[in-house]
Amino acid sequence: MTTTTTDQTTPEITFDSFGLDARIQRALAEQGYTKPTPIQAQAIPVVLLGKDVMGAAQTGTGKTAGFALPIIQRLLPMSNASASPARHPVRALMLTPTRELADQVYDNVARYARFTDLRSTVVFGGVDMNPQTEALRRGVEILVATPGRLLDHVQQKSVNLSQVQMLVLDEADRMLDMGFLPDLQRIINLLPAQRQTLLFSATFSAEIKRLASSYLRQPVTIEVARSNSANENVRQTVFQVEDGHKQAAVVHLLKKRAADGLSRQCIVFVNSKIGCSRLARHLEREGINAAAIHGDKTQTERMQTLDGFKQGNIDALVATDVAARGLDIPDMPCVINFDLPYSAEDYVHRIGRTGRAGASGDALSIFVPADERLLVDIEKLLKRNIPRTPLEGFDPTGANARAEESERRRARSDVRRARPNGEGDEPRPRRNDPASSRNAFRPSDDPFFSRPYEPSGGAAAAQPDVTESHAAAFGRGRPAPKRPLAALLGGVPRKS
DNA sequence: AAAAAAC
1 MTTTTTDQTT
11 PEITFDSFGL
21 DARIQRALAE
31 QGYTKPTPIQ
41 AQAIPVVLLG
51 KDVMGAAQTG
61 TGKTAGFALP
71 IIQRLLPMSN
81 ASASPARHPV
91 RALMLTPTRE
101 LADQVYDNVA
111 RYARFTDLRS
121 TVVFGGVDMN
131 PQTEALRRGV
141 EILVATPGRL
151 LDHVQQKSVN
161 LSQVQMLVLD
171 EADRMLDMGF
181 LPDLQRIINL
191 LPAQRQTLLF
201 SATFSAEIKR
211 LASSYLRQPV
221 TIEVARSNSA
231 NENVRQTVFQ
241 VEDGHKQAAV
251 VHLLKKRAAD
261 GLSRQCIVFV
271 NSKIGCSRLA
281 RHLEREGINA
291 AAIHGDKTQT
301 ERMQTLDGFK
311 QGNIDALVAT
321 DVAARGLDIP
331 DMPCVINFDL
341 PYSAEDYVHR
351 IGRTGRAGAS
361 GDALSIFVPA
371 DERLLVDIEK
381 LLKRNIPRTP
391 LEGFDPTGAN
401 ARAEESERRR
411 ARSDVRRARP
421 NGEGDEPRPR
431 RNDPASSRNA
441 FRPSDDPFFS
451 RPYEPSGGAA
461 AAQPDVTESH
471 AAAFGRGRPA
481 PKRPLAALLG
491 GVPRKS
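Residue numbers are given in UniProt numbering: position 26 of the first sequence equals residue 26, and the series is strictly consecutive.
Rendered as structure tokens:
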């Protein structure tokens, strides 16, 4: 196995030196690209030679262009302008773990290939299949996909993978974590054995190595940063607060940054979907431009939120780990961990959203004593200590903390209101979250809890979010009950 | 423990 390793210094080369087609160079010029990033400098020549690649690259290293540009180059001689699917078989397949990442990879591919005749499209779940099917039937050379939806299309015979010459497994570690291995195996079995395979992963775990050894041939290993090590441009700080003061602490941090004239944009990571929506609401009440993104949001909402964030209409993107990896959000000045992640590797991915391409960044974590073990695991993985710092000027008994306390009271009052003979307060609609108040929890709706929510009114319809209502009913951090609701309410008879 | 991903 050949191994190439560099540090973060950009080699003194330009995109001209790769001998890319004029049509690609024109697209690059239009994007304002002149100097390749380290991973591009290493990957592009290797991919152009047709070699398999095992790439360790974090998000934000320019990885996508690193594989997309040479792939487009290699496909060019085969492209033609005829509009029949038979003449536009899928020749390059790019698989990603999440829908957003698929969309972003596609977006890049389409931009780099825009002056060529190559066609590309993207397929992922959560949206109507028909437009995807039509695009596939018209024929594309480059297909970006999430595994599940791709197999769906394969089953419906709307795509044929027998002509694929280049396969990209992007964020392969993530795909394995998410249990995509069987899907990946099924997909790869549909591809010709004679092909070029590129595998990118943030870490080279034993599983990744096993995957590589079964599907890659004499891969060239490309590594731009030591895996499992966080970027040195990122200032990591852990703020220790008392349990129950986390929301107030985040508000304090965000307002402090704004007051210090630092960029207001940041991603705030939360471990649960409930906590994610809850924190976003809380920040909004505190006058911070915030929005939640997590897996219970519709695909449309997720894309709109991401767009709003990229355009600067949203300052604080409150996210679950849906956003930890892959999402290509340029130049994040700051990442905040509202919760420390359950796995130390996720910590690396989360803070990898900042301090990219040589920029400096802040990774701030809220730490409560109960999370000691999580922090120790992170320190072990990073092989360094992260000092616990008191939060300067933070007054947990001040206005912020009072707001947090009132939120807890509100949550408890929702439970009282939910009782059939409810001695609860006046209903108080939640500001900034019409869906949640419209779908306020009603015990007579109980079946609601025993089956998953099925959308009925199209993408634009309000989302009666089961977990949201749970949050409202049961307060902070409680998991959705597995028992019937009546049992939880203490023997209130259940209508059926 | 949690999140993500196909219908």
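Cβ coordinates follow ideal geometry from the N, Cα and C atoms, glycine included.
Just to confirm, are residue 28 and residue 112 a CB contact at a threshold of 9 Å?
Looking up residue 28 in the first sequence gives position 28. Looking up residue 112 in the first sequence gives position 112. Closer than 9 Å, so yes.
Which residue from 37, 140, 286, 48 puts its Cα closest to that of residue 19?
If you number the first sequence from 1, residue 19 lands on position 19. Ranking the options by Cα distance to residue 19, first place goes to 48.
Span of the alpha helix (DSSP H) around residue 172:
Taking the first residue of the first sequence as 1, we reach residue 172 at position 172. That run of the alpha helix (DSSP H) goes 172 to 177.
Taking the C-alpha atoms as reference points, what is the distance between residue 16 and residue 34?
In the first sequence, counting from the first residue as 1, residue 16 sits at position 16. In the first sequence, counting from the first residue as 1, residue 34 sits at position 34. Cα to Cα, residue 16 sits roughly 8 Å from residue 34.
Could you name the residues that DSSP lists as bridge partners for residue 197?
For this step, residue 197 is matched to residue 197 along the first sequence. Bridge partners of residue 197: 167.
Between which two residues does the beta strand (DSSP E) carrying residue 133 extend?
Looking up residue 133 in the first sequence gives position 133. Unbroken run through residue 133 is the alpha helix (DSSP H), 130 to 138; no beta strand (DSSP E).
Would you grab the beta carbon distance between residue 53 and residue 220 for me? Rounded to a whole angstrom, and I think it's under 8 Å.
As a position in the first sequence, residue 53 is number 53, starting the count at 1. As a position in the first sequence, residue 220 is number 220, starting the count at 1. About 5 Å separates the two Cβ atoms, so the contact holds.
With a floor of 3 residues, list each beta strand (DSSP E) that falls wholly inside the UniProt domain "Helicase C-terminal" (249 to 397), ordered by position along the chain.
266 to 269, 290 to 293, 316 to 319, 334 to 337, 361 to 367, 388 to 390
Could you tell me the boundaries of the beta strand (DSSP E) in which residue 235 lies?
Here the question's residue 235 lines up with position 235 in the first sequence. That run of the beta strand (DSSP E) goes 234 to 240.
Touch test, the stretch 330 to 348 against the stretch 262 to 269, Cβ-Cβ under 8 Å, three pairs minimum:
yes
Report the partner residues of residue 122 according to the DSSP bridge assignment.
The sequence position of residue 122 within the first sequence is 122, counting from 1. Looking at the DSSP assignment, residue 122 forms a beta bridge with 144.
Minimum C-alpha distance to residue 255 - residue among 316, 137, 120, 148:
As a first step, residue 255 must be located in the first sequence, where it is residue number 255. The shortest Cα separation from residue 255 among 316, 137, 120, 148 belongs to 316.
What does a CB cutoff of less than 7 Å around residue 68 pick up in its chain, not counting 5 residues either side in sequence?
By one-based count along the first sequence, residue 68 stands at place 68. Result list for residue 68: 108, 109, 112, in chain order.
Could you compute how far the alpha carbon of residue 195 sits from the alpha carbon of residue 51?
Here the question's residue 195 lines up with position 195 in the first sequence. Here the question's residue 51 lines up with position 51 in the first sequence. Their Cα atoms are separated by approximately 9 Å.
Contact check, residue 207 vs residue 176 under 8 Å by CB: the rounded distance?
Your numbering for residue 207 matches position 207 in the first sequence. Your numbering for residue 176 matches position 176 in the first sequence. Rounded, the Cβ-Cβ distance is 5 Å, consistent with contact.
Are there three or more Cβ pairs, one per stretch, closer than 8 Å when the stretch 343 to 352 is compared with the stretch 284 to 302?
no
DSSP three-state assignment for residue 27, whether helix, strand or coil
Here residue 27 is taken as the residue at index 27 of the first sequence, counted from 1. Helix.
What did DSSP end up calling residue 57 once you bin it into helix, strand or coil?
As a first step, residue 57 is located in the first sequence; it is residue number 57 there, counting from the start. Here residue 57 sits in coil by DSSP.
Does residue 120 pass the burial test, meaning 16 or more other C-beta atoms within 10 Å, or should it be called exposed?
Mapped onto the first sequence, residue 120 falls at position 120. It is buried - the Cβ of residue 120 has at least 16 other Cβ atoms within 10 Å.
Restricting to Cα atoms, I'd like to know which of 64, 145, 394 is closest to residue 38.
In the first sequence, counting from the first residue as 1, residue 38 sits at position 38. Answer by Cα proximity: 64.
By a C-beta neighbour count over all protein chains shown, 10 Å radius and 16 as the cutoff for buried, is residue 498 buried or exposed?
Nothing in the structure corresponds to residue 498, since the chain is present only between 1 and 496.
Pairwise C-alpha distance: residue 388 and residue 257
Here residue 257 corresponds to residue number 257 of the first sequence, with the count starting at 1. Here residue 388 corresponds to residue number 388 of the first sequence, with the count starting at 1. The alpha-carbon atoms of residue 257 and residue 388 are separated by roughly 19 Å.
Check this for me: beta carbons of residue 161 and residue 75, under 9 Å apart or not?
Residue mapping note: residue 161 aligns to position 161 of the first sequence, counting from 1. Residue mapping note: residue 75 aligns to position 75 of the first sequence, counting from 1. For residue 161 and residue 75, no; Cβs fall outside 9 Å.
Just the C-alpha distance for residue 377 and residue 205, rounded to the nearest angstrom, thanks.
As a position in the first sequence, residue 377 is number 377, starting the count at 1. As a position in the first sequence, residue 205 is number 205, starting the count at 1. Computed Cα separation, rounded: 17 Å.
Rounded to whole angstroms, what is the Cα-Cα separation between residue 179 and residue 172?
Indexing the first sequence from 1 puts residue 179 at position 179. Indexing the first sequence from 1 puts residue 172 at position 172. If you take the alpha carbons of residue 179 and residue 172, they lie about 11 Å apart.
Excluding the 5 residues preceding and the 5 following residue 72 in the sequence, name in chain order all residues of the same chain whose CB lies nearer than 7 Å to its CB.
Taking the first sequence and counting its residues from 1, the one referred to as residue 72 is at position 72. Contacts found: 24, 112, 113, 116, 118.
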